[in-house]
Amino acid sequence: MPEKGLQDVHEFLSSPRKILIASHRNPDGDALGSSLALARYCQLRGHSVTVAVPSAYPANFDWLPGIKDVLIFDDQEEEVVEKINDAELFVYLDFNHVSRIDKMGEPMAEKDTPVLLIDHHLEPDLSHEYYYVDSTASSTADLLFDVLTRWENTNYLKDELISTCLYTGIITDTGTFAHNTNSRLFGKVSNLLESSIDHIAIQNRINNSLTEKQLRLLGYCLYHRFTLIPEQKTGIIYLNKADYSKFEIERGDTEGIVNNILKINNIKIAAFFTQQPTIVKLSLRSVEDYNVADLARKYYNGGGHKNAAGGSHYKGLKSALELFKKVLPEFVKQHTNE
């Protein structure tokens, strides 16, 4: 588990500081949960804290404590840049390289402000002054639990707001404990539950909050845009530009669609293609030893985790689908034999 300078950061935070916490574009529950948990901790310690993300977050996370104070670079660029210029410490959460925060990263890269990176993705940028990374961890919230425990024992984990945010991050990235879990993680979750968080309500807010439009879109995808390739243990769903217009799809409406493919018996790989105005986005999910991060990295300019990855394609939807079907047999054969 690579790490550097955590104790130095703790000492740096012994007096009030201005801190900018950043996470990735299209922030999910782990990005938001870990960012807001750390922000709450820093605020309790007397620091001035800003959480900034490149783009808007899904509506099913708008209940998180502190979420209304999150700055969105796409909408509040001037204010975010002002906070970047004032910050004495940058904290990068849930992304492995500054390129993952797009244009928001440009003014940050120009500063000589020290950076603390906490992340669980593959191939992290270890050029920063401080870092705590582990690609085998379930989530960044999982790692932040370690950091806060090391700094303060479990004192601050008794805070209900911190525990709520960390729990949100963990259940988001584990699919509510469906994958990438172990006894150590459940021990951490047990500790979080001692702060009296309403864990059932949190799960309902995240997992059972579809709008009517989102449910109808899911049905449309499964009936009209779903292809099963049983010999490759794979299912594919796609949405084109016309579908986006027909359903008036907004940010967050397609969240979780790809996961439904893996509910089919003996399906190990799920692919979801979405045609954006200028590129095609790909989300990949898998189970067992099918390392979809390899496929995303090699063919779709992407990456991620073994069982959850993503990428993009610049030659149109038809080309993206044809490429996937072309490389799929060899990919399945290779990973079946490992």
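Taking the numbering used here, the leading residue of the sequence shown gets 162, the next gets one more, and so forth. Cβ coordinates follow ideal geometry from the N, Cα and C atoms, glycine included. Quick caveat: nothing in here was measured; it's all calculated off a predicted structure.
Between Gly463 and Ser473, the gap from beta carbon to beta carbon is short of 8 Å. For the pair of segments examined, the region 266 to 284 was found to touch the region 244 to 252: the number of CB pairs separated by less than 8 Å reaches three. A contact between stretches requires three or more CB pairs, one per stretch, nearer than 8 Å, and the region 198 to 217 meets this requirement with the region 300 to 311.
Looking only at Glu313, Ser260, Val242 and Lys476, the smallest Cα-Cα distance to Pro268 is reached by Val242. Apart from sequence neighbours up to five positions away, the residues of its chain that approach Lys179 with a beta-carbon distance below 7 Å are Ser209, Asp247, Ala248 and Glu249, ordered along the chain. Contact between Arg412 and Ile398 is absent: CB atoms are separated by about 18 Å, not below the 8 Å threshold. Separation of the CB atoms of Gly396 and Ile425 is rounded to 6 Å, and the pair is thereby assigned contact status at 8 Å. Take Phe408, set aside five residues on each side of it, and the residues of its chain with a beta-carbon closer than 8 Å to its own are Lys374, Arg377, Leu378, Tyr381 and Asp414, in chain order. Nearest to Ser176 by alpha-carbon distance, out of Ala192, Ile182, Cys203 and Lys165, is Cys203. With a beta-carbon spacing of about 12 Å, Leu478 and Phe433 fall beyond the 8 Å limit used to define contacts. The Cβ atoms of Asn368 and Thr337 lie closer than 8 Å to each other. For Asn468 against Ser447, the beta-carbon gap comes to about 5 Å, under 8 Å, which counts as contact. In this structure, DSSP gives Lys429 a state outside helix and strand, which the three-state scheme calls coil. The residues Pro391 and Lys394, in chain order, have a CB closer than 8 Å to that of Asn427 in the same chain once the five nearest residues on each side in sequence are set aside.
About 7 Å separates the CB atoms of Lys244 and Ala213; that is less than 8 Å, so the two are in contact.
In the DSSP annotation of this structure, Phe222 is not part of any beta strand (DSSP E), being labelled neither H nor E.
A distance below 6 Å between beta-carbons, with the five flanking residues on each side excluded, links Asn341 to the following residues of its chain, in chain order: Ser299 and Thr335. Ile182 and Lys476 have their C-alpha atoms spaced approximately 35 Å apart. Residue range Phe387 to Ile390 is occupied by the beta strand (DSSP E) that includes Phe387. Membership of Arg446 in any alpha helix (DSSP H) is not indicated; the residue belongs instead to the beta strand (DSSP E) covering Val441 to Ser447.
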